[in-house]
Amino acid sequence: MKVKNFIITFISAIALLLSTSTISLAKVVGDKIVLGAAVSLTGKYSSNGVHTQNGYNIAVERINSMGGVKVDGKSYKFEIIYYDDESNSGRAAQLAERLIKQDGVQYMLGPYSSGLTKAMAPVTEKYQVPMVEANGASRSLFTKGYKYLFAVLAPANLYLDVAIDTAVEKNGGKPVRIAMAFEQDAFSQDVRLGIVEAAKRTGSKIIIDDKLPKELNDMAATLSKVKATKPDVLVVSGHTKGALTAIRQISEMKVDVPMLAMTHCDAAKLSKQHGKASEYALCASQWHKSLSYRDNYFGGGMEYAADFKKMFDYDPPYQSAESSAALLVFKDAFERANSFDTKKVRDALAATEMQTFYGNIKFAPGGQNISKPMVLFQVICNDDGSKCENKVVAPLKWASAELVHPIPKWSDR
Amino acid sequence: MNRNTLLYASLLIFGLVGAFVFPAYKLQLSFLYILIVLAMTWDVQGGQMGYNTFGNILFFGVGMYVASSVQIAMFFSLSEWTDAGGEKTFVHTVPQFFQGFAFGILLSGIIPMLIAGIIGYGILGLRGHYFAICTLALGIAAGEIAGGVEIIGAGQGMTVPVWPKGFGSNELSSQFLYYLSFALAVITFTFLKWAYSTRFGLVLNAIRDNEDKAEAMGIYTMRYKIIGWMVSAFFVGLAGGIMGHINGYIEPTEIAFAGPTFGVFMVLMAILGGKGTLWGPLVGATIFHIFKESFWTFFLGWQYVALGVLIVVIVVYFPEGIMGWLREKYPERFGEVIDEADRKAQVTLK
Amino acid sequence: MLPSNRGHFFKYLEKYFMDFLIFQAPMLMVQASIDGILLGILFALIAYGMALQWGVMNIINIAQGELVIMGGYIAYFMYLSGIHPAFGVIVSPIIMYFVGVGMYKLVINKVVDRDLFISILATFGISILAQQLMNFAFGADVVVAQSNFGTTMLFDGMVTIPNAKIFSGLVCIIAAIILVIYMKKSKLGRAIRATAQNARAAKILGVNTEKVYASTFGINAALCGIAGACIAITFTLHPYTGLPYTVRSFMIVIIAGLGNLPAVAISGMGLGIFEEWADYLIGTEFRIAAVFSLLVIILVYRRFKLSKKREYLK
C-alpha cells in the first residue's frame with residue numbers, strides 16, 4: 000500500500016504548505032502602503048497591459064521620490080503587488096480574490112479593459128476593498144451600485160457620441176447615416192451603445208451594425224458593405240488590433256467615408272505605424288498631452304509625456320496617463336482620510352475633487368469621473384506625409400487644429 | 000483496507016475542515032475541487048474509453064450559462080438583466096436567491112446531459128483524431144455563438160446574481176460555495192469509483208482496447224459511449240454552474256467556453272496524474288493547481304514559459320502520468336502479481 | 000434606434016436588408032469571393048505544411064500558428080531595418096527552416112512515434128512557450144509592415160483588391176508549385192514520400208528517416224514562414240494571434256484529407272469564400288461560429304455516410 004502512503008504524505012504536505020504560507024502581508028508594512036493590481040502582461044491585451052503597468056510605475060516612482068504619502072504625520076511609500084491576468088477575465092476575478100484574501104491587500108488598482116474590470120469589481124465590492132481603476136470604461140460598471148469602485152475615466156458610451164454630434168452639425172443639422180463595426184467585448188460594445196443613443200437623439204440611421212469576433216483580423220467584408228452603402232460616418236472600435244486592421248484595410252480598399260471615428264489610435268501608435276494612410280482618422284481619447292491641466296507631481300501633460308518618454312522610450316498613450324492619475328487619486332485620498340481604514344479611505348475617495356495633469360477628477364455616486372470631458376483628436380500629416388501627429392479638434396477649448404471634414408476622397412489624396 | 004479507510008477519512012476531514020483551517024485559501028480550494036471534477040470527468044472519455052475529447056468545455060460553458068440564466072429568469076426578465084446599458088439593477092431576495100440557485104444548479108447538470116445525449120450519436124461515431132478535432136470545433140463554435148446571442152449578454156458577458164444582502168457575511172457565501180464544490184467533487188469521485196467497478200467500467204475499457212472486438216462480442220458500444228458522455232456532461236455542467244457563482248461574472252470565450260485554458264487544462268491534469276486511473280486525475284489536478292498558482296506568484300509574466308516547459312516535459316517524459324509511473328515501479332502495490340521467476344527471467348531488450 | 004435586446008423583429012428586418020445588400024449589389028459577390036479566395040490561398044499554404052508533416056510524421060502541430068507569426072515578425076524586422084518586407088517571403092522561410100529543424104531536434108523527435116494525442120499536447124506546450132517568448136522578444140505591440148503596393152481597382156472602383164493580397168496569393172501559389180516539383184523530382188522529396196508511405200520499409204531500404212523527419216518539419220516551418228511574411232504585409236501581427244491560423248489549417252486538412260495538394264487548395268479557397276459569404280448572410284458576429292459549425296457538420300455527415308458501409312472515419 001505504498002501508493003496510498005504516497006497520497007497521504009502528499010496530502011499532508013499540501014496541508015503543511017498551505018498552513019505555513021498563510022503569512023499574509025498586511026495592508027501597510029512598515030512605511031509601505033501595499034496596493035494590489037492585476038495587469039495583462041500576456042495575452043491579447045498585453046500591449047495595453049504594459050501601458051497600464053508603466054503608467055502605475057511612473058506615478059509610484061514620482062510620488063515616492065517626492066516625499067511619499069503623509070498619513071498621520073508619517074510618510075509612507077507606495078508599493079504595488081502585480082499579477083499577470085493573462086488578458087482573461089476569469090483569471091482576473093481569481094487574482095482579485097487572491098490579492099485580497101491571500102496577500103491581504105486592502106487597496107486595489109484596476110486591470111486593463113472593461114471586461115476584466117467587470118470581472119474584478121464584484122470581488123472587490125464583496126470584500127469592501129476600494130479599487131481605483133483607470134481602464135474600465137464600460138457604463139455597466141457604474142450602474143451596478145458599486146460603492147468601492149472609482150474610475151478616473153469617463154464612461155465608454157461618451158467616447159464617440161461627440162463624433163456623431165459633430166457629423167450631424169457638419170451635415171447642416173440633418174441626421175446622418177452611420178456604419179458601425181465593433182469588437183465583441185465589453186468595452187467596444189459599450190461604445191456602440193453610446194453611438195446607438197447618439198443616433199437616436201439626432202434621428203440618425205444606423206445602416207451597418209457589425210460585431211467583429213475577438214480573434215478576427217480581417218474586416219474586408221464590413222468595409223465592402225461600407226463601400227456599397229456609402230454612410231456619412233464610419234465608427235470602428237476594437238482595441239489596438241481593431242484600429243490597425245481598420246486603417247490598413249480602409250486605405251487598401253480605398254473606402255471613402257466623410258468621417259472615420261475610432262478608439263485606441265494612440266495606443267496602437269497609429270500615426271507611426273500607418274503614416275499617411277491613417278490621416279484624418281478621428282480618435283476618441285481620455286487624455287492628450289496638449290491639454291492644459293496641471294498638478295504638483297508631473298506638472299502638465301507635456302512634462303508628463305517627456306518624463307514618460309525618457310523612462311520607457313515611447314510616447315505615453317492615454318492608457319498610461321489615466322493609470323498614473325489613479326495613483327495620484329489614491330495618494331490624495333489617503334492624505335485626506337488621514338487613516339488606513341478602508342471605509343474612511345473609501346469615503347475620502349468618494350469626496351475626491353482635484354486636478355491632475357490628466358484632468359479634473361470628481362466621482363459620481365456610481366463611481367465614474369464626471370468632471371473630465373473626452374477629447375477627440377485627428378491624425379494630421381504634413382504635406383509629404385513624413386510626419387503625422389495627433390491634433391486635438393474637440394472640445395474647442397483645447398483644439399489645436401480645425402477638424403478636416405469631409406475626409407478627402409482617396410483619389411484626391 | 001485499514002490504510003484505505005485512513006486515506007478516505009483523512010481526505011474527507013481535510014475537505015470538511017479546510018474551510019476553517021485555511022480561510023484565506025477557501026476559494027483556491029474550491030477552485031481545486033472544480034478542477035478535480037473536470038479532470039475526473041475528462042478521464043471517463045480520454046482515459047477509460049480512449050476517446051480524446053476537447054469538447055467537454057462545451058458542457059462547462061452551457062452549465063454556467065444555464066445556472067445563472069435560470070436563476071435570473073425565474074424572477075426577472077433576462078433580457079433586461081443582460082441589457083448592455085445595465086440601467087436597471089435587480090436584487091434577489093433571500094428565498095428567491097436560493098430557489099433560483101437550486102433550480103439553476105439542477106438544470107445546469109441536466110441540460111448539458113441532454114445535449115450530450117442528443118449530439119452523442121452523431122459525434123461519438125467519429126474516432127481517433129477526427130473525434131478530437133470535431134469536439135474542439137464544437138467548443139469553439141459554442142463560444143462564438145454565445146458571444147453573439149444578446150439575451151445572454153453576447154460579448155458583454157453576464158453578471159451572476161450576487162449573494163443576497165442581509166443573509167450572513169461574505170464568509171458564509173464563500174463557505175457555501177466551498178462546501179458545494181467539495182460535495183460535487185466527493186460525489187463525482189464516489190460515483191465514478193462505483194461506475195468503474197461495474198460492467199459499465201469494463202465496457203468502457205473494452206472500447207478503449209478494441210472497439211471493433213467489443214462490438215463483435217455483442218456489446219452496443221454506442222450506447223455505452225453516449226451514456227459515458229452524458230455522465231461526464233452532467234458533472235461538468237454542475238461544475239460550470241458552481242464556477243459561474245465562484246467567478247461572479249460570465250464571459251463567453253474566456254470564462255464559459257474557455258477552450259485554450261480550462262479545455263486544455265483538464266486534459267493536462269488527467270495526463271499528468273495518469274489517465275485511465277481513478278486516482279490519477281485527482282492527483283494530477285492537485286499538483287497542476289499548486290504548480291500553476293505558485294508560478295503565478297514567483298514568475299510574473301513568465302508563468303506561461305514555465306507552463307509550456309512543464310507540458311512538454313510531462314508529455315515527453317511522463318506520458319503515463321504519475322500514477323502510471325508509480326504503477327510501473329511498484330506493480331505489486333496495484334495488486335498486480337508478478338511471478339518472481341518471471342521477473343528474474345526478464346532481460347532488457349534493446 | 001436599433002433595439003439591442005427587445006424587438007428582434009427589427010433586428011431581422013435589418014438583417015433582411017443586409018441579406019439583400021449582397022444580392023442588390025452583385026459587385027459585392029465578386030468582392031466577397033475574391034477576398035475569400037485570396038484569404039483561402041494563404042490558409043491553404045499553411046494547411047499544406049500541416050498536411051505534409053501530418054502525413055509523413057503523423058504529428059498534429061498546434062504550434063503551426065506560432066510558426067506563422069514568427070515568420071511574420073522576421074518580415075517585420077526587415078521592414079524596420081529598411082528592407083522592403085516583401086523580401087521576407089525569401090528570407091523568412093530560410094530562417095524558419097532552421098527554427099523548424101531545431102524544434103524537431105529538441106522536442107518533436109521524442110514524440111514522433113507516439114500516440115497522435117501526445118503530439119497535440121507537446122506542440123500545445125511549445126505553442127504557449129513560443130507565444131510567451133515572442134512577447135518578451137518582440138514586444139507586446141500589435142504591429143504591421145507596410146508594403147506600399149497600392150490597390151487594383153476593378154469594375155470602376157466597385158471592387159478593390161489590395162495588391163499586397165494579390166502578391167501574397169501569387170507567392171503562395173509559386174511556393175506550392177515549387178514544393179510539388181521538389182517532392183516529385185528531388186532525392187529528398189522522394190525519400191519524404193517513401194517515408195510517408197511506409198516508414199519502416201523506407202528505413203530498411205536505406206532512407207535516413209530521422210533526417211527525413213527533420214527536413215519535413217523544417218519544410219513545414221518554411222512554408223509557415225512564407226505565409227507569415229505575407230500576413231505581415233496584409234494583416235496584423237501580435238504574439239498571441241497564432242491560434243486562428245492553426246485551427247483553420249486544421250480544418251482545411253481535415254476536409255481535404257492528407258497528401259492531396261489540389262484538394263487542400265480547393266478546400267482552403269472554399270473555406271475562405273464560405274467565411275466571407277457567411278459574413279454577409281448571417282452576420283459578422285457568427286462568422287467564426289459558422290466556420291466551426293461547418294466543420295462539425297462535415298465530419299458528422301461523413302461519419303453517417305461511412306457508417307452505412309459499416310466503416311468509420313479514422
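Chains as they are written, first to last, in numbering that gives the first Met the number 0: chain A, 0 to 412; chain B, 0 to 349; chain C, 0 to 313.
All C-beta atoms in this analysis are idealised placements derived from N, C-alpha and C, irrespective of residue type, glycine included.
For G237(A), the secondary structure class from DSSP, reduced to helix, strand or coil, is coil. The Cβ of V295(C) sits no closer than 9 Å to any Cβ of chain A. If you keep only unbroken alpha helix (DSSP H) runs of at least 4 residues inside the stretch 77-106 of chain C, you get 87-102. In the structure shown, Q101(A) falls within a coil segment according to DSSP collapsed to helix, strand and coil.
Counting along the chain, the unbroken beta strand (DSSP E) around E182(A) starts and ends at R176 to E182. Between G241(A) and H273(A), the C-beta gap is not smaller than 9 Å, which leaves the two residues out of contact.
When secondary structure is reduced to three states using DSSP, Y44(A) falls in the coil class, being assigned neither helix nor strand.
Annotation: the continuous alpha helix (DSSP H) that includes E196(A) extends over A185 to T201. N60(C) does not reach chain A, its nearest Cβ partner there being about 19 Å away, counting only Cβ pairs nearer than 7 Å. Around the C-beta of V33(A), 16 or more other C-beta atoms lie within 10 Å, and the residue is accordingly described as buried.
When rounded, the separation of the alpha-carbon atoms in L201(B) and I270(B) is 20 Å. No alpha helix (DSSP H) of 4 residues or more sits fully in the stretch 349-407 of chain A.
Contact of K186(C) with chain A is not assigned, every C-beta pair being separated by 9 Å or more. Approximately 5 Å separates the beta-carbon atoms of G124(C) and G307(B); this is inside 8 Å, confirming the contact. For G67(A), same chain residues with a beta-carbon under 6 Å away, outside a window of 5 residues either side, are S74, Y75 and K76 in chain order.
The C-beta of F59(B) has 16 or more other C-beta atoms within 10 Å across all chains shown, which makes the residue buried. Chain-ordered, the chain A residues with CB closer than 8 Å to the CB of F234(C) read N216, D217, T244 and R247. Within the stretch 6-60 of chain B, the alpha helix (DSSP H) runs of at least 4 residues that lie entirely inside it are, in chain order, 25-42. Residues of the stretch 113-129 of chain A with a C-beta atom less than 7 Å from some C-beta of chain B are G114, K117, A118, P121, V122, K125 and Y126, listed in chain order. The CB of L137(B) comes closer than 8 Å to the CB of F291 and V295 in chain C, given here in chain order. For G142(B), the enclosing alpha helix (DSSP H) starts and ends at G127 to A145.
Using a CB distance cut-off of 9 Å, W162(B) does not count as an interface residue toward chain C. Neighbourhood of E275(C) in chain A, by CB distance below 8 Å: A219 and A220, in chain order. Within 8 Å of the CB of S319(A), no CB atom of chain B is found; the nearest one sits about 18 Å away. Judged by pairs of C-beta atoms under 8 Å, the stretch 123-138 of chain B touches the stretch 294-306 of chain C, as three or more such pairs exist.
S78(B): member of the alpha helix (DSSP H) spanning L77 to T81, first to last residue. Around the CB of K224(B), 16 or more other CB atoms lie within 10 Å, so the residue is classed as buried.
Ranked by how close their Cα comes to the Cα of D294(A), the residues H50(A), V38(A), A58(A) and G48(A) have A58(A) in first place. Each of F249(C), A262(C) and K104(C) was checked against the Cα of A136(B), and the nearest Cα belongs to F249(C).
Shown here for P318(B): same chain residues with a beta carbon closer than 8 Å to its own, the five before and five after excluded, namely I270 in chain order.
Neighbours of Y311(C) in chain B, taken as residues at a C-beta separation under 8 Å, are given in chain order as G124, L125 and R126.
For D83(A), the three-state secondary structure derived from DSSP is strand.
Proximity to K31(A) across V161(A), V190(A), K224(A) and I79(A) peaks at I79(A), based on C-alpha coordinates.
Rounded to whole angstroms, A220(A) and S126(C) show a C-alpha spacing of 30 Å.
Rounded to whole angstroms, the separation of the alpha carbons of I144(B) and K343(A) is 45 Å. Between H237(C) and chain A, the shortest Cβ-Cβ separation is below 9 Å.
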